[in-house]
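Just so we're aligned: 237 in my numbering is position 201 of the sequence shown, and the numbers increase by one with no gaps anywhere.
All C-beta atoms in this analysis are idealised placements derived from N, C-alpha and C, irrespective of residue type, glycine included.
Every value quoted in this text rests on a predicted model; they were computed, and no experiment measured them.
To start, the structure itself, in structure tokens.
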Amino acid sequence: MKRQDLWLGSLLAVAGFFGACTNVVEDEFQNNKYPLELTAEKSGMTFTRGIGEKTEWNGGESVSLYDGFSQKLYEVSQSGEMSAKNNDPLYWYTTTEEETLFAWYPSSETLLTEWAVAADQTTDEAYQNSDFLYAYEKMKFRSERKLKFRHGTVKLIINVKGDGDTVSEEDLNGVVFTVNAVTKGTMTEGKLQSVAGAGTTVMKPYLLNAREGYAYSFQLLTIPQDMSGKLFFKVVLKDGRTFGHTPGNGEGILEGGHQYTYNVGVGKPGLKVTIEKDSVSWDGDDEEVEGTDKE
């Protein structure tokens, strides 16, 4: 699957630094003479369009932009033009020192320091509200001034079917499928990561139209994290049989901005899980891991 990115191109001028002060080389840059003028260049995002992931600007979106000292709001037009709201833009501080800009969508009145996804994503609204875009770029006044927006969350697609022997399609009627994962993360140096030591939450995914050859297909957004050695997802049949999947060492790493597609066969001796290599930056063959039948 090809990564697709949403670019925010910019013609910039006077603004502040991210995190630490620096010497102002040119006095004129203290006088707010050069506002930050932005244009949004649309290209594809990492995710394919499912039930509302943001893949392009529709016009009228509000984006927050932070330079380390100040936070301002910008509006994106459908054509990609960026304009500071209330005629109140950010400015460059200097033409020589490197600055770091942090932007995110949907915008907020306060600095984005954490993000949480809904534990129950069975509705369109809960699923869509769990996703966000962010850009974190270091640049100089005369450099190529573009902010590359990425999805902060992880997207999971999980297709489920019976093995046709010990578990039939009829056995899967009314199946209860849940995912265990950390639902809250923090932004550290422009990267979303799970809260250290946080426990997992039982999450309910969005039900999709089943992929051909499968009984059910589910979709979920979650926080980047490592589920290696932890119970990741669970299948409970109507007759009470329960199956769980625990990824092996290094097999449960979930990176932000990536989609992971799991094809799951339910039956004896346990879950057969295949991760599609084209769903992420995957090298080699599809990976298969045997889960444990927890009847």
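Are the CB atoms of Y242 and Y141 nearer to each other than 7 Å? no
Exposed or buried, what is R186 when buried is set at 16 or more other beta-carbons lying within 10 Å of its beta-carbon? buried
4 or more residues per run - each alpha helix (DSSP H) lying fully within the region 153-179: 160-164
When the Cα atoms are used, what is the spatial distance from A171 to G303? It is roughly 43 Å from the alpha-carbon of A171 to the alpha-carbon of G303.
Classify R181: buried if its beta carbon has 16 or more other beta carbons within 10 angstroms, exposed otherwise. buried
Inter-stretch contact at 8 Å, needing at least 3 Cβ pairs: the region 151-160 / the region 248-262: yes
If I'm right that T297 touches E312 with Cβ under 8 Å, what's the distance once you round it to whole angstroms? 4 Å
Three-state secondary structure (DSSP) at K90? Shown here, K90 sits in coil according to DSSP, grouped into three states, outside any helix or strand.
With distances taken Cα to Cα, identify the nearest neighbour of N209 among A217, N216 and G198. G198
To the nearest whole angstrom, what separates the beta carbons of F156 and K220, a pair I think is in contact under 8 Å? One detail in the question is off: residue 156 reads as Asp in this sequence, not Phe. Wrong, their Cβ atoms sit about 15 Å apart, outside the cutoff.
Can you tell me whether DSSP reads N216 as helix, strand or coil? strand
Terminal residues of the beta strand (DSSP E) in which F105 lies: First-last for F105: undefined, no H or E at that position.
Leaving out the 5 sequence neighbours to the left and right, which residues in its chain are closer than 6 Å to I289 when beta-carbon positions are compared? Cβ neighbours of I289 beyond the five flanking positions: D262.
How should D160 be labelled, buried or exposed, when 16 other C-beta atoms within 10 angstroms of its C-beta is the threshold for buried? exposed
Under the three-state DSSP convention, the category K227 falls into: strand
Helix, strand or coil at K274 according to DSSP, with G and I counted as helix: Under the three-state reduction of DSSP, K274 is assigned to coil, being neither helix nor strand.
Among K108, Q107 and E97, which residue has its Cα nearest to the Cα of E117? Nearest option by C-alpha distance: E97.
Straight-line CA distance for V218 to L169? 19 Å
In chain order, what residues of the same chain have a beta carbon less than 8 Å from the beta carbon of S264, not counting five sequence neighbours either side? P283, G284, N285, G286, E287, G288 and I289
Using beta-carbon positions only, say whether F254 and F279 come within less than 7 Å of one another. Taking 7 Å as the Cβ cut-off, F254 and F279 do not qualify as a contacting pair.
With DSSP as the reference, please indicate the residues paired to V196 in a beta bridge. Y252 and V300
Can you name the residues that DSSP bridges to H187? The bridge partners DSSP lists for H187 are L169.
According to the neighbour-count rule (16 or more other Cβ atoms, all chains shown, within 10 Å of its Cβ), is T130 buried or exposed? Result: buried.
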